[in-house]
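For the sequence shown, this note's numbering begins at 9 and goes up steadily by one. Virtual Cβ for every residue (Gly too), placed ideally from N, Cα, C.
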Amino acid sequence: MTAVTTVDGLSAATPSAATGLRCLACGATFPLAPMFEGCPICAAEDDRVNLRVTYDYDAARKTLTPDAVAGRGRRGIWRWAELLPIDQEGARISLGEGDTPLLPVRGRELGEVWVKDESRNPTWSYKDRLCAAAVSYGVQSSAQICAVSSTGNHGAAAAAYAARAGMPCIVFTRPDVPATMKILMQIYGAKVLATTRLGRWALLRAGTDQAGWYPMSNFTMPPTGNPYGVEGFKTIAFELAEQLGWRAPGTVIVPTGYGEGLSGIWHGFEDLQALGLIDSTPRMIAAETATSGSLATALASGASRPVRVETSPSLAFSINAANTTYQALKALRDSGGCSIQVNDDEILDAQGHLGRQGLFAEAASAISLAALISGHAAGMTLPEPVVVIMTSSGLKDPHAAQARLEPVVEVVPEWEALVPLLPPELLPTPSVS
Ligand SMILES: *Cc1c(COP(=O)(O)O)cnc(C)c1O
Ligand SMILES: [Zn+2]
9 MTAVTTVDGL
19 SAATPSAATG
29 LRCLACGATF
39 PLAPMFEGCP
49 ICAAEDDRVN
59 LRVTYDYDAA
69 RKTLTPDAVA
79 GRGRRGIWRW
89 AELLPIDQEG
99 ARISLGEGDT
109 PLLPVRGREL
119 GEVWVKDESR
129 NPTWSYKDRL
139 CAAAVSYGVQ
149 SSAQICAVSS
159 TGNHGAAAAA
169 YAARAGMPCI
179 VFTRPDVPAT
189 MKILMQIYGA
199 KVLATTRLGR
209 WALLRAGTDQ
219 AGWYPMSNFT
229 MPPTGNPYGV
239 EGFKTIAFEL
249 AEQLGWRAPG
259 TVIVPTGYGE
269 GLSGIWHGFE
279 DLQALGLIDS
289 TPRMIAAETA
299 TSGSLATALA
309 SGASRPVRVE
319 TSPSLAFSIN
329 AANTTYQALK
339 ALRDSGGCSI
349 QVNDDEILDA
359 QGHLGRQGLF
369 AEAASAISLA
379 ALISGHAAGM
389 TLPEPVVVIM
399 TSSGLKDPHA
409 AQARLEPVVE
419 VVPEWEALVP
429 LLPPELLPTP
439 SVS
């Protein structure tokens, strides 16, 4: 078939190879439909398990080749249209997300380490990939109103993509999130309301049931999420394989709250292996806060389901979740991975280390490098190359970083006054006075 090629190089006829939804635990399959509370069969047994989109890999293999994706004029997540659940080209909403840089991390004798800088996305976090996919599915399935519960990044991304799609959006957040987060959500035109941690989910559920809102995030316990949105995270795996010359990394470390990012990235590697585009898959490592650790607790106790834990405040508030998803636990087990927990001090160290290499990561995002440094110090050997996902920009919460910085000193505009204030590396010549 000779397909019509649009200006962005994606064939107008590039179809999605999505075939349905499948329960990750019992294996029951369902047609592609708006299902946001996990598997109904497992739920009937009081078990909350995630659904995952399935694909016809034989169909995808025909058009999704390394050359084809490299040659597609449009950059970003829709280069991988075959492996995303949106069939109508007109529904593929984009703000130019994805195709973020992969940069080497220097120093600390950590081996071959790369950082995937997701702060370059349109709303400066990796949630843009999730929300591009989720809003697009909303458009395709004729959703009218987007709704989300978020500590910030998810809400900002949902608001921006809903705006781009011309849909109203409502965000439930918490009163204590940084002002930057609230401003972002509001500037994109969303209705933003602050409430309690669990109240956010109750209100989201009520609006979904009563007013037909389209839920872009969790509202069940344990979380099940929007299975179409999670597919967007797979494109991180696709880009990593391409950026590393069509090989998988040895290890991928992901800042983890509900683990939608972690499991989405893992599913991306599974897809690539099914297509024969990579011959190994990485170990997936969850970087969790020392103040939460749902995955670490489940793994340590051998639990088959996510474990709810008590939390206390952390600088990494974007990931400090009391509960995680079944799919995240499964991704760690299937990939031979584990969880590494780190505290705020270790996070700030890693944030400084990235800063001195030209990268400014939100605390919740610098935690992936912090976990690597901590794992290394504890004698863990991780298969290389190691990729740490830097999920968001430090500008989301600059005050967290400021705590470690010296106050800016004022100086009178005279050389003699300046010299005593300068560190030696800025004065290479002997005394100038
Ligand atoms: C949401 C978020 C994460 C974690 O994503 P989950 O899918 O909840 O694990 C990581 N980093 C940042 C900056 C986030 O906003
Ligand atoms: Zn099931």
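With distances taken between CB atoms, is the gap from Ala330 to Val317 smaller than 8 Å? It is a contact, given that the beta carbons lie within the stated cut-off.
Can you say whether Ile178 is buried or exposed, counting buried as having 16 or more other CB atoms within 10 angstroms of its CB? By the Cβ neighbour-count rule, Ile178 is buried, with 16 or more other Cβ atoms within 10 Å of its own.
Lys199 to Pro230 span [Cα, whole Å]: If you draw a straight line from the Cα of Lys199 to the Cα of Pro230, it comes to about 26 Å.
Proximity winner among Gly366, Val416, Thr203 and Ile381, relative to Gly119 (alpha-carbon distances): For Gly119, the closest C-alpha among the options Gly366, Val416, Thr203 and Ile381 is that of Ile381.
Give the secondary structure of Ser312 by DSSP, where H, G and I count as helix, E and B as strand, and everything else as coil. Reduced to three states, the DSSP call for Ser312 is coil.
Express the C-alpha separation of Gly207 and His275 in angstroms, rounding to a whole number. Those two C-alpha atoms are separated by around 31 Å.
Just list the residues that DSSP pairs Arg291 with in beta bridges. Listed as beta-bridge partners of Arg291 by DSSP are Thr259.
Whole angstroms are fine: how far does the CA of Glu53 sit from the CA of Ala214? Their Cα atoms are separated by approximately 23 Å.
Do Ile327 and ligand 1 come close, with the Cβ less than 7 Å from some heavy atom? Yes - ligand 1 has a heavy atom lying nearer than 7 Å to the Cβ of Ile327.
Tell me, which residues are paired with Arg60 by DSSP? Partner residues in the beta bridge of Arg60, as assigned by DSSP, are Arg30.
Is the number of C-beta pairs between the segment 384-395 and the segment 283-299 that are closer than 8 Å three or more? Segment contact: the segment 384-395 against the segment 283-299, three or more CB-CB distances shorter than 8 Å; contact assigned.
Would the C-beta of Gly269 count as close to ligand 1, meaning under 7 Å from any of its heavy atoms? At a threshold of 7 Å, Gly269 counts as near ligand 1, since its beta carbon sits closer than that to one of the ligand's heavy atoms.
So which of Val121, Glu105, Pro415 and Gly240 has the shortest CA-CA distance to Pro112? Out of Val121, Glu105, Pro415 and Gly240, the CA that lies nearest to the CA of Pro112 is found in Val121.
Return yes when at least one heavy atom of ligand 2 lies under 7 Å from the C-beta of Ala33, else no. Checking the Cβ of Ala33 against ligand 2 gives yes.
Touching or not, the segment 53-70 and the segment 29-40, by the rule of three or more beta carbon pairs under 8 Å? Counting C-beta pairs closer than 8 Å gives three or more between the segment 53-70 and the segment 29-40, which meets the contact rule.
State the DSSP-derived secondary structure class of Ala202, mapped to helix, strand or coil. The answer is strand: DSSP assigns Ala202 an E or B state.
Helix, strand or coil for Met193 per DSSP? Three-state DSSP puts Met193 in a helix.
The beta strand (DSSP E) spanning Asp54 covers which residue range? Unbroken run through Asp54: none, as it is neither H nor E.
Distance, Cα to Cα, Lys135 vs Pro432? Going from the Cα of Lys135 to the Cα of Pro432 covers about 42 Å.
Straight-line CA distance for Ser24 to Asp66? Going by the C-alpha atoms only, they are around 12 Å apart.
Asn161 and Phe44: beta carbons closer than 8 Å? No, these two residues do not count as a Cβ contact at 8 Å.
Label His407 either buried or exposed according to how many other C-beta atoms from any shown protein chain fall within 10 Å of its C-beta, with 16 as the threshold for buried. Flag for His407 reads exposed.
So which of Tyr266, Gly272 and Ala210 has the shortest CA-CA distance to Leu92? Taking only the C-alpha atoms, the option nearest Leu92 is Gly272.
Classify Pro312: buried if its beta carbon has 16 or more other beta carbons within 10 angstroms, exposed otherwise. Going by the sequence as given, residue 312 is Ser instead of Pro. That one is exposed.
For Thr10, collect the residues of the same chain with a Cβ closer than 7 Å to its Cβ; drop the 5 residues on either side in sequence, then sort them by chain order. At Thr10, the pLDDT of 41 sits below 50, so the modelled position is not reliable and the matter cannot be decided from this model.
For my contact list, Ala306 and Phe277 are in at a C-beta cut-off of 8 Å; report their separation, rounded to the angstrom. Going by Cβ atoms, the distance from Ala306 to Phe277 rounds to 21 Å, so no, they are not a contact pair.
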